[in-house]
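All remarks here apply to the structure that follows.
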Amino acid sequence: MLKFKKQSLSLLMVLTLLVSLVDKAMSQKVTVPKDTSFALYSTYVKTKKAYPNIQMVSEAMPKKVKAKKDIAYCVVNSSRSLSLDVFHPSRKVKKGYPAVILIHGGGWRSGDRSQNVPLAQQLAKNGYVAVNVEYRLSTEALYPAAVQDVKAAIRWTRANANSYRIDTSKIAVLGFSAGGQLASLIGTTNGMKKFDEGNTCNSTYSSKVQAIVDLDGTLAFIHPESGEGDDSKGKSAATLWFGVPKAENPALWHEAGALNHVSPQTPPILFINSSVARMHAGRTDMIGKLNQYNIYSEVQSFPEAPHVFPLFHPWFNDTVKYTVNFLDKVLKGSSN
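According to the working numbering, the sequence shown is numbered sequentially starting from 1.
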């Protein structure tokens, strides 16, 4: 009897140790290299020197809007979990709400989705489900990983549409700066398998979008108007994202430009731009291509504004207005 108790105790100790080791392994987060060169407050301080009247945009949850944050939408490389936040109207509707996928900026290397929270809140206030996504930056994974991640987030949105009352036939993608480049590329590559295959989460769902909002994101990396890829003073953000200089692999850089993928399947697009011309490189050429296919496009500009205009007052409210008016027109059929 005593021997049996000792054996049981030994087995219990082994099992306890194993459970402890498993819990410890599961609690350890994957360490992701962090680049803090683009942060909201430091950008505010820097920009205020030239634009003394700018103000930070506060996070303020509107009435009748709910939020669910830090939702894991995909696990890549076996252990790396990607997250998103959902801001949605609390009122129930039969047909569901259109959704907007939000992509943050930061040169494909820095920044995070928190910069989009005020915009996501306002979109939800105006009758949209705003899905604010994390994606892998160049410190962790090179192009086209970021594109594949956001397309996976779009598929997640469709897979979870019932939980947030989403109309899956009306999904837009919106991004600022590097996020704008990603948004325009994601929208113009609707149905292209290459950009879905690298991230297979919710692979039975479509990653197609029905509208694009590009907030000062470049449309072409190889173009007379583009300033991307200048490595004369050190590696540029684009070079770090592609992992190779423009001159060594121009085909790769060319592939990442939305201008080069315009087709009859391209959805309507809204361009909202600052005074920085290189940030909307290829816009005129792209509108010309869109016109050939009778695809609706719209341009709104802040001629005196800095590149970071969507993140600060006095430009934030107008950015919201232009965005909502466009989305109402192309997704809701409204002509506000």
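Glycine residues also receive a C-beta, built at the ideal position from the N, C-alpha and C atoms.
Identify every residue that forms a DSSP beta bridge with I101. Residue pairing by DSSP places I101 opposite V131 and V173 in a beta bridge.
Can you tell me where the alpha helix (DSSP H) with E140 in it begins and where it stops? Run containing E140: none; DSSP gives neither H nor E here.
Could you name the residues of the same chain whose beta carbon sits closer than 8 Å to that of Q28, not counting the 5 residues immediately before and after it, in chain order? With a pLDDT of only 46 at Q28, under the threshold of 50, the placement of this residue in the model should not be trusted; the figure read from the coordinates follows. Once the five neighbours on either side are set aside, Q28 has no close Cβ partner at all.
In its own chain, which residues sit with a C-beta less than 6 Å from the C-beta of I269, not counting the 5 before and 5 after it? The beta carbon of I269 sits closer than 6 Å to those of I212 and S297, all from its chain and outside the five residues before and after it, given in chain order.
Start and end residues, alpha helix (DSSP H) containing R155: R155: member of the alpha helix (DSSP H) spanning A145 to A159, first to last residue.
Quick one, which of K235, T319 and F221 has its alpha-carbon nearest A120's? Among K235, T319 and F221, the Cα nearest to that of A120 belongs to T319.
Could you say if the region 185-202 and the region 61-80 meet the contact criterion of at least three C-beta pairs nearer than 8 Å? Touching, per the Cβ criterion.
Could you tell me the alpha carbon to alpha carbon distance between E197 and I154, rounded to whole angstroms? E197 and I154 have their C-alpha atoms some 14 Å from each other.
I'd like to know whether the C-beta atoms of I171 and V209 end up nearer to each other than 8 Å. Taking 8 Å as the Cβ cut-off, I171 and V209 qualify as a contacting pair.
Beta-carbon proximity check, Y143 vs F221, cutoff 8 Å: Cβ distance not < 8 Å, so Y143 and F221 don't count as in contact.
Mark L303 as exposed unless 16 or more other C-beta atoms lie within 10 angstroms of its C-beta, in which case mark it buried. Inspection of the sequence shows that residue 303 is occupied by Pro rather than by Leu. By the neighbour-count criterion, in which 16 or more other beta carbons inside 10 Å mark a residue as buried, P303 falls on the exposed side.
Which ranges would you report for the beta strand (DSSP E) in the region 203-238 if only whole runs of at least 3 residues count? The region 203-238 contains these whole beta strand (DSSP E) runs: 211-215.
Sorted by chain position, which residues of the same chain lie with C-beta nearer than 8 Å to L82's C-beta, five sequence neighbours on each side aside? So the list reads A72, Y73, C74, V75, V76, V133, E134, Y135, R136, D149, A152 and A153, once near-sequence residues are dropped.
Alpha carbon to alpha carbon, how far is K49 from P306? Give it in angstroms, no decimals. Near 12 Å, if we compare the C-alpha coordinates of K49 and P306.
What number of angstroms, rounded off, separates the C-alpha of R113 from the C-alpha of P264? Their Cα atoms are separated by approximately 31 Å.
Is V333 buried or exposed, if buried means 16 or more other CB atoms sit within 10 Å of its CB? According to the sequence provided, residue 333 is Gly. The question's Val does not apply to it. Label assigned to G333: exposed.
Let me make sure I understand the geometry here. Which of L259, H254 and A277 has the alpha-carbon closest to that of N291? Among L259, H254 and A277, the Cα nearest to that of N291 is on L259.
Report yes if the C-beta distance between D214 and F271 is below 8 Å; otherwise report no. For D214 and F271, yes; Cβs fall inside 8 Å.
Applying the 10 Å Cβ sphere with the 16-neighbour rule, what's the burial state of K125? K125 should be labelled buried.
Neighbourhood of A238 by C-beta distance below 7 Å, restricted to the same chain and skipping five residues each side: For A238, same chain residues with a beta-carbon under 7 Å away, outside a window of 5 residues either side, are F221, E228 and G229 in chain order.
For M56, write down the residues that DSSP places opposite it in a beta bridge. According to the DSSP secondary-structure assignment, M56 is paired through a beta bridge with F312.
Determine the DSSP secondary structure at Q300, reduced to helix, strand or coil. Correct three-state label for Q300: strand.
For the alpha helix (DSSP H) containing Y73, name the first residue and the last one. Unbroken run through Y73 is the beta strand (DSSP E), V65 to V76; no alpha helix (DSSP H).
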